[in-house]
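Q: In our numbering, the protein residues as written are 155 to 476. Yeah, the Cβ is synthetic: ideal placement off N, Cα and C, and Gly gets one too. My structure is below; once you've seen it, I'll send some questions.
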Amino acid sequence: MTDASATAARRPGEPALAALGLSAPDPDPADTSAHYFPGGGRWRTEIPSCEGPEALAVVLKEASRLDVPIHRISQGSGVWMLSDAEITEMVESTGERDIELCLFTGPRGTWDIGGSTRTDSRGAGLRARGHDAVAGCVEDAVRATELGVKCLLVADEGVLWTLHRARTAGIIPSDTTLKVSALIGPVNPAAYAVYERLGADSVNVPSDLTLDHLTEIRRVSAAPMDMYIEAPDDLGGYVRMYEVAELIRRGAPLYLKFGLSKSPGIYPYGHHMRELTLATAKERMRRGRLALDLLARHGADGDMAPLGSRLPGDLQRFETSS
């Protein structure tokens, strides 16, 4: 099944270019993703880098003011950087609006004593180094889910598989969703399918993947995809706003992530970075409104998944029994 509204969407500049004899070839229907979110819809929205209750309040206020629908809020510093009271406040605020809250788990290689991440090769990158780092991620996962968090963000294949086994075993709730970070996102269809089978419910791919790369992934996996429409500078700073309709057509089911280029990094967040964090949270919402306005102008704003929907549907998994 293909999406008629996506294939019929007006492409940027096309009427003017057609009048000048510069039309592009028609989109190939074979490139259209056949996949949808459960319950309907081909795209959802995500607001990343929401580092605490104050930033969340700014995002929710701006969402109401600018009429930006939100399916998911994510945070990058980690569960361990928030108090129980802060997590509870964020759970309650998002719960009142039926928005999924996703918090990052545990220690990461770039923040511990490992020197390899500071070499030119970047070594093991964001992954959890050693048993203790995995244990910290599991501790964060148990603590967060006990406080009502339903989505966990991970940056390590071993942590992903461990948390998938934990929800299968009932150690964390079975409806907990696991999201793979953009910091380790797969760049080919084989790797994407492996993350799905390790337990990923949505996979953040790097924002420099081509449209053809998205089509290749969709031929092997239906797992929801997350993609920065505007990426932070440490992820390349890419701005792909004019491609949003085509990204949805090729990559659905797709979370549109509204990041922010040309802004300093804020991880791990603390109150010494308060003003910057609140200002960038506000600007992310404005960027989101601009992207949604562009979708509407091109007639491609239909098929948004219902607000409040969060589950990924039936996905392929490796067997968890030994």
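Tell me the DSSP bridge mates of Phe258?
A: Translated into the one-based positions of the sequence shown, residue 258 becomes position 104. Beta-bridge pairing links Phe258 to Leu307.
Q: Pairs of beta-carbons, one from the segment 441-451 and one from the segment 416-423, closer than 8 Å: are there three or more?
A: No: the two stretches stay apart, fewer than three of their Cβ pairs being nearer than 8 Å.
Q: Assess, as a yes-or-no matter, whether the segment 226-245 is touched by the segment 292-312 under the definition of 3 or more beta carbon pairs within less than 8 Å.
A: The answer is yes - the segment 226-245 touches the segment 292-312, with three or more Cβ pairs under 8 Å.
Q: For Lys333 and Ser356, I'd like the C-alpha separation in whole angstroms.
A: The count along the sequence shown starts at 1 and reaches residue 333 at position 179. The count along the sequence shown starts at 1 and reaches residue 356 at position 202. So the two alpha carbons sit approximately 5 Å from each other.
Q: For Thr331, does the three-state DSSP call read helix, strand or coil?
A: The residue labelled residue 331 in the question sits at position 177 within the sequence shown. Correct three-state label for Thr331: strand.
Q: Just grab the DSSP bridge partners of Lys436 for me.
A: Mapped onto the sequence shown, residue 436 falls at position 282. In the DSSP output, where bridge partners are listed per residue, Lys436 has none listed.
Q: I need the straight-line Cα distance from Glu250 to Gly193, nearest angstrom please.
A: The count along the sequence shown starts at 1 and reaches residue 250 at position 96. The count along the sequence shown starts at 1 and reaches residue 193 at position 39. Taking the straight line from one Cα to the other gives about 21 Å.
Q: Hey, Ile338 and Leu257: beta-carbon distance below 7 Å or not?
A: Taking the sequence shown and counting its residues from 1, the one referred to as residue 338 is at position 184. Taking the sequence shown and counting its residues from 1, the one referred to as residue 257 is at position 103. Taking 7 Å as the Cβ cut-off, Ile338 and Leu257 do not qualify as a contacting pair.
Q: If we call anything under 7 Å between Cβ atoms a contact, is Glu254 one with Gln229?
A: One-based indexing of the sequence shown puts residue 254 at position 100. One-based indexing of the sequence shown puts residue 229 at position 75. No, the pair does not count as a contact, with Cβ atoms beyond the cut-off.
Q: Pairs of beta-carbons, one from the segment 171-188 and one from the segment 381-395, closer than 8 Å: are there three or more?
A: Contact fails: fewer than three Cβ-Cβ distances are below 8 Å.
Q: Within 10 angstroms of its Cβ, does Asp310 collect 16 or more other Cβ (buried), or is it exposed?
A: As a first step, residue 310 is located in the sequence shown; it is residue number 156 there, counting from the start. With 16 or more Cβ atoms within 10 Å of its Cβ, Asp310 is classed as buried.
Q: Rounded to the nearest angstrom, what separates Thr406 and Trp197 at their Cα positions?
A: Taking the first residue of the sequence shown as 1, we reach residue 406 at position 252. Taking the first residue of the sequence shown as 1, we reach residue 197 at position 43. Just to set this straight, residue 406 is Ala in the shown sequence, not Thr. Between Ala406 and Trp197, the C-alpha separation is close to 6 Å.
Q: Could you tell me whether any non-hydrogen atom of the ligand ZN is closer than 6 Å to the CB of Ala336?
A: Judged by which ligands are present, the structure shown has none, so any question about the ligand ZN falls away.
Q: DSSP has Leu389 in a bridge; who is on the other side?
A: As a first step, residue 389 must be located in the sequence shown, where it is residue number 235. Leu389 is not bridged to any residue.
Q: Check the C-beta distance from Ala435 over to Ala209 and give it rounded, since I have them as a contact under 8 Å.
A: For this step, residue 435 is matched to residue 281 along the sequence shown. For this step, residue 209 is matched to residue 55 along the sequence shown. Going by Cβ atoms, the distance from Ala435 to Ala209 rounds to 4 Å, so yes, they are a contact pair.
Q: Measuring straight from C-alpha to C-alpha, what distance separates Glu168 and His452?
A: For this step, residue 168 is matched to residue 14 along the sequence shown. For this step, residue 452 is matched to residue 298 along the sequence shown. Those two C-alpha atoms are separated by around 10 Å.
Q: For Ser275, is the classification buried or exposed, using 16 other Cβ atoms within 10 angstroms of its Cβ as the cut-off for buried?
A: Here residue 275 corresponds to residue number 121 of the sequence shown, with the count starting at 1. Residue confidence is low: Ser275 scores 44 on pLDDT, short of 50, so the model does not pin down where it sits. No coordinate-derived value is stated.
Q: According to DSSP, is Ser247 part of a helix, a strand, or is it coil?
A: Locating residue 247 in the sequence shown gives position 93, where the first residue counts as 1. In this structure, Ser247 counts as helix in the three-state DSSP scheme.
Q: So what does DSSP say about Val359, is it helix, strand or coil?
A: Within the sequence shown, numbered from 1, the residue matching residue 359 stands at position 205. Coil at Val359, not helix or strand.
Q: Take Thr299 and list the residues in its own chain whose beta-carbon comes closer than 7 Å to its own, dropping the five residues that flank it on each side.
A: Within the sequence shown, numbered from 1, the residue matching residue 299 stands at position 145. Same-chain partners within the cutoff: Ile326, Pro327 and Thr330.
Q: For Gln470, which residues from the same chain have a beta carbon less than 7 Å from its beta carbon, with the 5 sequence-adjacent residues on both sides left out?
A: On the sequence shown, position 316 is the one that residue 470 refers to. Cβ within range, chain order: Glu350 and Arg351.
Q: How about Glu246 and Met439: do their beta carbons lie closer than 7 Å?
A: Locating residue 246 in the sequence shown gives position 92, where the first residue counts as 1. Locating residue 439 in the sequence shown gives position 285, where the first residue counts as 1. No, these two residues do not count as a Cβ contact at 7 Å.
Q: Would you call His189 buried or exposed, if buried means 16 or more other Cβ atoms sit within 10 Å of its Cβ?
A: Here residue 189 corresponds to residue number 35 of the sequence shown, with the count starting at 1. With 16 or more other Cβ atoms within 10 Å, it is buried.
Q: Verify whether the separation of the beta carbon atoms of Thr474 and Arg226 is less than 7 Å.
A: Here the question's residue 474 lines up with position 320 in the sequence shown. Here the question's residue 226 lines up with position 72 in the sequence shown. Going by C-beta atoms, Thr474 is not nearer than 7 Å to Arg226.
Q: When DSSP labels each residue in this structure, what does Arg283 get in the three-state scheme?
A: Along the sequence shown, read from residue 1 onward, the residue named residue 283 stands at position 129. If DSSP states are grouped into helix, strand and coil, Arg283 belongs with coil.
Q: Since Trp197 sits in a beta bridge, which residues does DSSP pair it with?
A: Locating residue 197 in the sequence shown gives position 43, where the first residue counts as 1. DSSP, once it has assigned bridges, lists Leu408 and Met458 as partnering Trp197.
Q: Identify every residue that forms a DSSP beta bridge with Ile537.
A: Here the chain covers residues 155 to 476 and nothing more, so residue 537 does not appear.
Q: Can you name the start and end residues of the alpha helix (DSSP H) that Tyr349 belongs to?
A: As a position in the sequence shown, residue 349 is number 195, starting the count at 1. Per DSSP, Tyr349 belongs to the alpha helix (DSSP H) from Pro343 to Leu352.
Q: Rounded to the nearest angstrom, what separates Tyr346 and Leu314 at their Cα positions?
A: One-based indexing of the sequence shown puts residue 346 at position 192. One-based indexing of the sequence shown puts residue 314 at position 160. Approximately 13 Å, taken between the alpha carbons.
Q: Roughly how many angstroms lie between the CA atoms of Ser375 and Pro343, to the nearest whole one?
A: Counting from one through the sequence shown, the residue named residue 375 turns up at place 221. Counting from one through the sequence shown, the residue named residue 343 turns up at place 189. Cα-Cα distance, rounded: 8 Å.
Q: Go ahead and label Pro460 buried or exposed: buried means 16 or more other beta carbons lie within 10 angstroms of its beta carbon, across all protein chains shown.
A: Taking the sequence shown and counting its residues from 1, one reaches residue 460 at position 306. Exposed: under 16 other Cβ atoms inside 10 Å.
Q: Looking only at DSSP bridge pairs, what is Ile227 linked to?
A: To locate residue 227, count along the sequence shown from 1; it is residue 73. Paired residues: Ile201 and Leu255.
Q: Using the Cα positions of Ala163 and Asp238, report the straight-line distance between them to the nearest angstrom.
A: Translated into the one-based positions of the sequence shown, residue 163 becomes position 9. Translated into the one-based positions of the sequence shown, residue 238 becomes position 84. Straight-line Cα distance between these residues: approximately 46 Å.
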